[in-house]
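In my numbering, the protein residues as written are 2 to 256. Cβ atoms here follow ideal geometry from the backbone N, Cα and C, with glycine treated the same way. Have a look at the structure below before the remarks.
Here it is as structure tokens:
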């Protein structure tokens with residue numbers, strides 16, 4: 002007489018596994034949407050507004066995946082199903098990493114002023130000459146926006162100022178060129194007293210134009226810099242950070 006062996010049904014049934022797989026699938030879709038937003042705009046497949054919509058939708062899906070990951074972890078934990086619980090935890094961690102950049106961008110948008118043209122000399126800003134035509138074809142203006150922007154810059158970035166180096170002019174310019182090359186900028190023009198270049202962001206391919214002006218003074222060579230985005234109302238603090246980092250690098254190289 003044969004006997005039948007019945008395998009006991011796992012605690013919680015299929016729910017921990019189903020929730021885990023749904024979280025994984027939703028996360029994959031979210032990552033695909035967010036990852037494609039930048040390249041799609043850069044390749045001119047989508048408009049900037051559509052790309053930002055794609056990014057926002059991806060972030061929402063990622064949050065949904067995080068909720069599913071949390072449910073998976075809780076249900077699987079209560080049922081002592083450790084593999085699904087691990088999947089849920091991994092989904093939560095992946096969601097946190099995925100939305101970190103959009104969350105940082107949202108935070109910067111709330112904390113920095115909506116300006117996109119930053120300079121160390123708001124009274125007499127370095128002017129774009131070699132890049133004037135490129136900027137003329139872009140949405141943002143060629144000329145410096147004026148006192149309203151300067152006032153907001155002074156409040157948001159009070160530390161931003163030119164540097165003066167007690168070195169010969171040619172040595173300072175060599176340091177400026179070396180620092181620009183290290184940033185992988187596209188250099189448009191170099192003269193004895195100025196350098197113009199364009200920086201392109203990796204993800205969306207946004208172009209920011211840069212001009213560095215050298216002025217000989219009794220105390221040495223004064224280095225002024227201006228960094229301005231071609232598109233967008235707010236640069237999320239990118240131009241101010243670029244100026245600060247670049248001038249610090251020039252100061253190190255000129256010593």
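Quiz item: Roughly how many angstroms separate the alpha carbons of residue 134 and residue 201, rounded to a whole number?
Solution: 17 angstroms
Quiz item: Would the stretch 214-222 and the stretch 230-242 be scored as touching if the rule is three or more Cβ pairs under 8 angstroms?
Solution: no
Quiz prompt | Run of the beta strand (DSSP E) containing residue 228, from where it starts to where it stops | solution = 221-230
Quiz prompt | Sequence-distant residues of the same chain with beta carbon closer than 7 angstroms to residue 294, five excluded per side | solution = Absent from the model: residue 294. The displayed extent of the chain is 2 to 256, so no value can be given.
Exercise. For residue 7, name the three-state secondary structure that DSSP assigns.
Key: Residue confidence is low: residue 7 scores 48 on pLDDT, short of 50, so the model does not pin down where it sits. Its coordinate-derived value is still stated next. Of the three classes helix, strand and coil, the one that applies to residue 7 here is coil, per DSSP.
Practice problem: Would you tell me roughly how many angstroms separate the C-alpha atoms of residue 164 and residue 106, rounded to the nearest one? | Solution: 29 angstroms
Self-check item: Whether residue 208 touches residue 199 by CB criterion (8 angstroms)
Solution: yes
Quiz item: Would you call the CB atoms of residue 210 and residue 129 closer than 8 angstroms?
Solution: Here residue 210 is near residue 129, since their CB atoms are less than 8 angstroms apart.
Quiz item: What first and last residue would you give for the alpha helix (DSSP H) that runs through residue 73?
Solution: 49-79
Quiz item: At which residues does the beta strand (DSSP E) containing residue 116 begin and terminate?
Solution: Segment: none, residue 116 is in no beta strand (DSSP E) and carries neither H nor E.
Quiz item: Which whole-angstrom value is the C-beta distance of residue 235 and residue 116, which I expect to be below 8 angstroms?
Solution: Their Cβ separation, rounded to whole angstroms, is 7 angstroms, which keeps residue 235 and residue 116 in contact under 8 angstroms.
Practice problem: Using the Cα positions of residue 32 and residue 53, report the straight-line distance between them to the nearest angstrom. | Solution: Their backbone Cα atoms lie some 14 angstroms apart in a straight line.
Exercise. Measure the C-alpha to C-alpha separation of residue 214 and residue 41 and round it to an integer number of angstroms.
Key: 35 angstroms
Exercise. Might you give, ordered along the chain, the residues of its own chain that have their beta carbon closer than 6 angstroms to the beta carbon of residue 250, omitting 5 neighbours on each side?
Key: 180
Practice problem: Go ahead and pull the three-state DSSP assignment for residue 138. | Solution: coil
Quiz item: Taking buried to mean at least 16 other C-beta atoms within 10 Å of its own C-beta, is residue 159 buried or exposed?
Solution: exposed
Quiz item: Is residue 201 near the ligand ATP, judged by its Cβ being under 7 angstroms from some heavy atom?
Solution: This structure simply doesn't include the ligand ATP, nor any ligand for that matter.
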